[in-house]
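Asker:
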Ligand SMILES: Cc1cc2nc3c(=O)[nH]c(=O)nc-3n(C[C@H](O)[C@H](O)[C@H](O)COP(=O)(O)O)c2cc1C
């Protein structure tokens, strides 16, 4: 394969999951869409979110050291985009989108009902990385729409999750293989 040195490497260069983080704002909860995020540890279950310090949501994360992590799906793609364009400085995003808040049982963080999966997270460390600050956080409770539970797993093909890359939203819809299938399939 012929390779090209890609000078634009500073932008997103592989598909990532998207989250909508919920924080208690001055008078009401606020939402911010983030692509720089991921699960980073199993025991305890930990996530990381990277936020530019000039975001309206950043000061609330610093003050409260807790946040909600809401995982969008196909139905929520335009709302997710909107929460990444508009600022809570100017508008009440939750009200504009006609979404609804419920409170987590462990930390009391605001979470959004319309999302198939939401989690309460407690910040343990804040690391300045450059343009962004990385908030490392322990997951203290997860809430899942029952219809997307398949045994003790979330059925992402059914929930129709999202991935983000090259400034484009993609749909996670089709299960190809299960983990470990290579052991059988590559023998064929
Ligand atoms: C798809 C997408 C991904 C984004 N990822 C991040 C991110 O990882 N970190 C960040 O600080 N801002 C990110 N943003 C920008 C913020 O979501 C945006 O500036 C938002 O309006 C900030 O909201 P606030 O001012 O209410 O805090 C992203 C925006 C979009 C549309």
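In this note's numbering, the protein residues as written are 3 to 190. Even for Gly, the Cβ is constructed at its ideal location relative to N, Cα and C.
1. Roughly how far, in whole angstroms, is the beta-carbon of residue 40 from the beta-carbon of residue 50, given that I think they are within contact range, below 8 Å?
2. If contact is defined by three or more beta carbon pairs under 8 Å, each pair taking one atom from either stretch, is the segment 138 to 156 in contact with the segment 109 to 126?
3. Identify, in the order they occur along the chain, each residue of the same chain with its Cβ nearer than 6 Å to the Cβ of residue 171, setting aside the five sequence neighbours on each side.
4. Output the boundary residues of the alpha helix (DSSP H) element that contains residue 111.
5. Taking the alpha-carbon positions, what's the residue 69 to residue 141 distance?
6. Where are the alpha helix (DSSP H) runs, 4 residues long or more, that stay fully inside the segment 69 to 108, in chain order?
7. Quick one: does the C-beta of residue 36 sit closer than 7 Å to a heavy atom of ligand 1?
8. Is residue 67 near ligand 1, going by C-beta to nearest heavy atom under 7 Å?
9. Is the beta carbon of residue 86 less than 8 Å from the beta carbon of residue 126?
10. What is the DSSP secondary structure of residue 164, reduced to helix, strand or coil?
Answerer: With the given structure in hand:
1. 6 Å
2. yes
3. 79, 164
4. Looking at the DSSP string, residue 111 is not in any alpha helix (DSSP H), and its letter there is neither H nor E.
5. 10 Å
6. 79 to 85, 95 to 98
7. yes
8. no
9. no
10. strand
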